[in-house]
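Accompanying notes for the structure given below.
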Amino acid sequence: LFIGGALAVSISPRDANHLLYATDTRLLRSGNGGRDWAQEPGAQFAGAIFAVRFDRESNGAVASTAGSIFHSVDGTAWDNVLAPAGAAPVRAFESGAQKIYLAGDTGVFASADRGRTWARASEGLPEAPVAALAVNTAPPETVFAVVQDRVWASSDGGQTWHVRSDGLPQGRIESLVLDRKLWTVAA
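In my numbering, the protein residues as written are 9 to 195.
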């Protein structure tokens, strides 16, 4: 099986052996910790899959192609959901306590129904591609986004954003890492 270039991987929070693997040519699934892989059925996944994420609260998942977002209630049957303008292709999905967030082409979008519908959550952010996303679920839940090489933060579900790049060296910021033991974010 030719796998292709890796773009994203997600591990089920309910079963660490259940993986979804987004590549530049298809979406793959493993039920045995990555020892074997099977291509997800359906023409919608014949091509690049830019982001994939299991839902933290259920067996569901979300995935993004170049122009669409797909949602699965059970992790097997996929439905095309209406992607707002500027959302796809999704660069990353991140789960919060009550919402799923996505890093889109023109900002951050949020879903309060586990990925079935999406709304813009970018008030105060530049209308530009979001390079990275992280969610600190410790109260108050804080969403971090990298837009135009600056780290931004929202503690109200994406309703308002503030620059949080003070103290970081000047230059290109491409990723965020959340340390769940210290509840800190590194850029």
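Glycine included, C-beta positions come from ideal geometry on N, C-alpha and C.
Taking every protein chain shown into account, the CB of residue 150 has 16 or more other CB atoms within 10 angstroms, so this residue is buried. Here the alpha carbon of residue 187 sits roughly 10 Å from the alpha carbon of residue 142. Contact annotation, residue 158 with residue 66: C-beta distance approximately 34 Å; criterion of less than 8 Å not satisfied.
Between the alpha carbons of residue 87 and residue 71 lies a gap of roughly 10 Å. Residue pairing from DSSP places residue 79 in a beta bridge opposite 70, 87.
The Cβ atoms of residue 163 and residue 153 do not sit closer than 9 Å to each other.
In the three-state scheme derived from DSSP, where H, G and I count as helix and E and B as strand, residue 24 is classed as coil.
Distance between residue 20 and residue 85, taken at the CA atoms: about 16 Å. Residue environment for residue 103: buried (at least 16 other C-beta atoms within 10 angstroms of its C-beta). Burial state of residue 112 is buried, judged by a 10 Å Cβ sphere holding 16 or more other Cβ atoms.
The beta carbon of residue 61 sits closer than 6 Å to those of 18, 70, 101, all from its chain and outside the five residues before and after it, given in chain order. Taken in chain order, the complete beta strand (DSSP E) segments of 3 residues or longer contained in the segment 104 to 185 are 108 to 111, 116 to 119, 138 to 144, 150 to 155, 158 to 162. Of the candidates 63, 117, 45, 35, the residue whose Cα lies closest to the Cα of residue 55 is 35. Contact check for residue 45 and residue 91: beta-carbon distance about 26 Å, past the 8 Å limit, so the pair fails to qualify.
Residue 124 and residue 79 have their C-alpha atoms some 6 Å from each other. Take the alpha-carbon of residue 120 and the one of residue 156: they are about 26 Å apart.
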